[in-house]
Ligand code: HSE
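Below you can see the structure in the form of structure tokens.
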């Protein structure tokens with residue numbers, strides 16, 4: 001029997017508890033699969049008073065993080081405290097002690113992947129981050145290994161379970177956004193700061209990692225255009241349905257004209273598409289490759305057991321490299337000097353189809369004035385719904401456009417929003433075809 005791979009945990013919250021319960025509850029299976037035993041040497045946390053499902057001998061628990069980071073018997077440190085600091089310092093400290101590291105911390109990697117992977121390369125240790133995107137979906141390893149022979153041209157992902165749960169519940173049960181957000185928080189799907197979820201930033205964090213893996217290009221978080229789901233209304237959901245579509249928060253990365261588009265926003269997609277069928281807290285990532293065409297990866301995007309399983313898979317993967325002395329890093333973390341590094345396309349130059357919802361006065365000439373503004377920007381309307389007036393007041397006017405440039409549509413809606421016939425800011429949702 002090979003010697004054990006010895007692991008220390010920093011943080012004993014939801015995901016760590018899931019990973020620890022898998023490590024303790026499936027020992028024989030993991031040993032068979034990995035070819036070596038995995039031993040938990042220490043778990044550091046600030047609070048051990050909260051009851052945990054995994055039974056751990058008390059001498060393994062410590063309140064002192066340094067005990068894990070510097071422990072001579074620990075080969076691999078698993079960081080599951082989340083957030084930027086002190087998580088970043090802890091990972092760098094562990095690496096400086098020549099310990100391999102595993103993290104599910106997408107926010108940290110979105111901002112500091114370069115430092116962390118460079119430090120790891122310098123020390124010839126590995127960084128595992130399968131749990132950082134898509135919970136239990138093995139999308140990181142899929143992009144690094146399964147699809148390593150393909151040239152990826154696009155990624156469309158539902159990568160935030162909280163948003164998908166909220167949009168699904170709003171669609172299925174007609175509930176308002178705020179009620180469903182509260183439910184998602186009670187169910188433990190949301191981040192400690194739910195604005196990261198509903199504002200789209202959690203999806204953007206994940207997109208930096210997916211896009212870099214797919215396109216070998218470093219993506220700075222600030223280069224991603226991010227819009228959340230806070231402004232989606234029941235009216236938009238109903239009109240989407242009338243146009244044969246559903247609204248999903250998509251993280252999109254695609255290569256167009258030698259640039260990479262990276263954006264997160266609510267998106268109308270055809271009802272019959274596979275991504276439209278992804279409901280509740282589930283995630284799905286569609287990868288389009290030159291050779292493979294579309295491949296879709298679907299599963300639970302959050303939660304203790306799914307994400308814990310991804311964390312343990314990293315421990316096994318790195319453990320194998322420790323056992324065989326294989327080199328540690330997998331490109332593009334850190335980037336190779338000859339990586340293609342395509343420029344990111346400015347959002348104003350992105351082209352899309354658009355859904356526009358206006359509240360207008362139902363009187364002669366309004367429609368022609370509005371379509372005149374759109375026409376002036378070279379934007380062509382593909383279909384339209386106007387609900388008749390039931391009483392005095394404004395009525396919704398909803399349009400779908402043909403492909404248009406973001407800059408032109410933004411200029412058009414700014415002008416339309418100022419017109420006296422239009423009573424509120426124009427609602428805009430981007431539309432993706434199959
Ligand atoms: N808050 C995240 C989500 C958890 O809702 O998907 C997983 O990253």
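Residue numbers (my numbering): 1 to 434. Positions of the beta carbon are idealized from the N, C-alpha and C atoms, including for glycine.
In this structure, DSSP gives residue 174 a state outside helix and strand, which the three-state scheme calls coil.
Taking a contact to require three or more Cβ pairs closer than 8 Å, the stretch 188-205 and the stretch 221-230 qualify as touching.
DSSP, reduced to helix, strand and coil, places residue 306 within a helical segment of the structure shown. When the Cα atoms are used, residue 353 and residue 375 turn out to be separated by approximately 15 Å. For the 7 Å CB-CB criterion, residue 205 and residue 107 form a contact.
As computed with DSSP, residue 300 is found in a beta bridge with 282.
For residue 400, the uninterrupted beta strand (DSSP E) run begins and ends at 394-401, by DSSP. Counted as a single uninterrupted DSSP element, the beta strand (DSSP E) harbouring residue 9 occupies residues 5-10. Shown in chain order are the residues whose CB sits closer than 6 Å to a heavy atom of the ligand HSE: 135, 160, 161, 162, 189, 190, 191, 197, 202, 301, 302. Residue pairing by DSSP places residue 48 in no beta bridge whatsoever. Each of 264, 9, 394 was checked against the Cα of residue 101, and the nearest Cα belongs to 9.
Around the beta carbon of residue 45, a 10 Å sphere encloses 16 or more other beta carbons of the protein chains shown; the residue is thus reported as buried. According to the DSSP assignment, residue 90 belongs to the alpha helix (DSSP H) that extends over 87-96.
The stretch 191-274 contains, as complete beta strand (DSSP E) runs of 3+ residues, the segments 245-256, 259-270 (chain order).
Contact fails between the stretch 58-72 and the stretch 161-172, because fewer than three Cβ pairs, one in each stretch, are under 8 Å apart. Going by DSSP, residue 351 is part of the beta strand (DSSP E) stretching over 351-361. Annotation: the continuous beta strand (DSSP E) that includes residue 153 extends over 152-158. Residues 156, 158, 248, 269, 284, 286 of the same chain have their beta carbon placed closer than 7 Å to that of residue 275, with the five preceding and five following residues left out of the count. In this structure, residue 131 places its C-beta atom within 7 Å of the C-beta atom of residue 310.
The DSSP-derived three-state label of residue 79 is strand.
By the CB criterion at 7 Å, residue 413 and residue 422 fall outside the cutoff.
When Cβ pairs closer than 8 Å are counted between the two stretches, the stretch 367-386 is seen to touch the stretch 397-404, the count reaching three or more. A straight line joining the alpha-carbon of residue 240 with that of residue 246 spans about 6 Å. Only buried fits residue 227, as 16 or more other CB atoms lie within 10 angstroms of its CB. The shortest CA-to-CA distance from residue 212 to any of 154, 161, 177 is the one to 154. For residue 112, the three-state secondary structure derived from DSSP is helix. By alpha-carbon distance to residue 86, the top candidate from 11, 51, 333, 365 is 11.
Bridge pairing for residue 384: 399 [DSSP]. Following the DSSP letters along the chain, one finds residue 428 inside the beta strand (DSSP E) bounded by residues 427-431.
The beta carbon of residue 282 sits closer than 8 Å to those of 158, 161, 164, 298, 299, 300, 301, all from its chain and outside the five residues before and after it, given in chain order. Contact between residue 216 and residue 337 does not hold, since the beta-carbon distance rounds to 11 Å and is not under 8 Å. Residue 61 has 43 as its beta-bridge partners, per DSSP.
Between residue 318 and residue 126 the beta-carbon gap is near 5 Å, inside 8 Å, which marks them as a contact.
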